[in-house]
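Input: a single structure, listed below in structure tokens.
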Amino acid sequence: MIILGLDPGLGTTGWGVIRAEGNRLSHLANGQLKTDAKESLPRRLAHLDTMLAALIADHAPQVAAVEEVFVNMNPQSTLKLGQARGVVLLGAARVGIDVGEYAARLVKKAVVGVGNAEKAQVHAMVARLLPGVKIAGADAADALAVAICHAHHLASARRIG
1 MIILGLDPGL
11 GTTGWGVIRA
21 EGNRLSHLAN
31 GQLKTDAKES
41 LPRRLAHLDT
51 MLAALIADHA
61 PQVAAVEEVF
71 VNMNPQSTLK
81 LGQARGVVLL
91 GAARVGIDVG
101 EYAARLVKKA
111 VVGVGNAEKA
121 QVHAMVARLL
131 PGVKIAGADA
141 ADALAVAICH
151 AHHLASARRI
161 G
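Okay, so the sequence shown: first residue is 1 according to the working numbering, each after it adds one.
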């Protein structure tokens, strides 16, 4: 199964694509979708949508996973993050891809083993779980972690069901 992990953001949306075969995970690709801060919000959201559509067309994921919104101290930042997240959810839903949504603590627990892990620990475990991966930045590492979390969730659901 090919899984697309997404770490939404208006300025930078991280993405990672992995293959899950049973308990084995392998890295396929990762990167970052960036929008221009000088553009208007609607143009940035439209650009994010266009880039995501191309990414989905290129990698043909069967499922996707997205990190849930955390509330910042700055309400404007939280709102912009929520709007970018909405574009990402819509982009996947538009082409019929089921989307899993995970809280940051759950992603950390799935990848590191504890929900209060530091970002550096998460990124180190992503590198360990996907040997040879060259990660295209912190947002891409977070997206790969979300994809790994979804793979674990799907594997657990298969064992239970």
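Cβ atoms here follow ideal geometry from the backbone N, Cα and C, with glycine treated the same way.
A quick note: this is a predicted structure, and the numbers were derived from the prediction, not measured.
Quick check on the burial criterion: 16 or more other C-beta atoms within 10 angstroms. Buried or exposed for residue i?
i           : result
residue 143 : buried
residue 42  : exposed
residue 111 : buried
residue 151 : buried
residue 9   : buried
residue 181 : Because the chain spans 1 through 161 in this model, residue 181 falls outside it and cannot be assessed.
residue 35  : buried
residue 57  : exposed
residue 114 : exposed
residue 54  : exposed
residue 37  : exposed
residue 73  : exposed
For residue i, which residues from the same chain have a beta carbon less than 8 Å from its beta carbon, with the 5 sequence-adjacent residues on both sides left out?
i           : result
residue 147 : 3, 4, 5, 16, 17, 18 and 65
residue 129 : 25, 111 and 148
residue 99  : 63, 64, 65, 66, 89, 92 and 93
residue 132 : 27
residue 209 : Residue 209 is absent from the model: the chain starts at 1 and stops at 161.
residue 162 : In the structure as shown, the chain starts at 1 and stops at 161, and residue 162 therefore has no counterpart that could be examined.
residue 59  : 2, 4, 17, 28 and 29
So, under 8 Å CB-CB, residue i and residue j are touching, yes? Tell me the CB distance rounded to an integer number of Å.
i           : j           : result
residue 106 : residue 149 : 6 Å
residue 124 : residue 30  : So it is not a contact: roughly 16 Å between Cβ atoms.
residue 23  : residue 127 : That belief does not hold up - the Cβ atoms of residue 23 and residue 127 are roughly 18 Å apart, past 8 Å.
In chain order, what residues of the same chain have a beta carbon less than 6 Å from the beta carbon of residue i, not counting five sequence neighbours either side?
i          : result
residue 14 : 7, 32, 139, 140, 142 and 143
residue 1  : 20 and 62
residue 47 : 35
residue 12 : 32, 34 and 139
Please return the same chain residues whose Cβ sits closer than 7 Å to the Cβ of residue i, not counting the five positions on each side in sequence.
i           : result
residue 161 : Its pLDDT being 45, under 50, residue 161 is placed unreliably in this model, and the value from its coordinates should be taken loosely. Correct list: empty, nothing qualifies.
residue 49  : 87 and 91
residue 153 : 100
Please tell me whether, using a cut-off of 7 Å, the distance from the CB of residue i to the nearest non-hydrogen atom of the ligand HEM is below it.
i          : result
residue 58 : Although the ligand HEM was asked about, the structure shown includes no ligands whatsoever.
Item to complete: Flag this pair as touching only if the stretch 117-134 and the stretch 84-91 have three or more C-beta atom pairs under 8 Å; answer yes or no.
Response: no
Discussion item. If contact is defined by three or more beta carbon pairs under 8 Å, each pair taking one atom from either stretch, is the stretch 60-71 in contact with the stretch 87-107?
Written reply: yes
Worksheet item: Which runs of the beta strand (DSSP E) fall wholly inside the stretch 62-143 and span at least 3 residues, in chain order?
Response: 63-67 and 98-102
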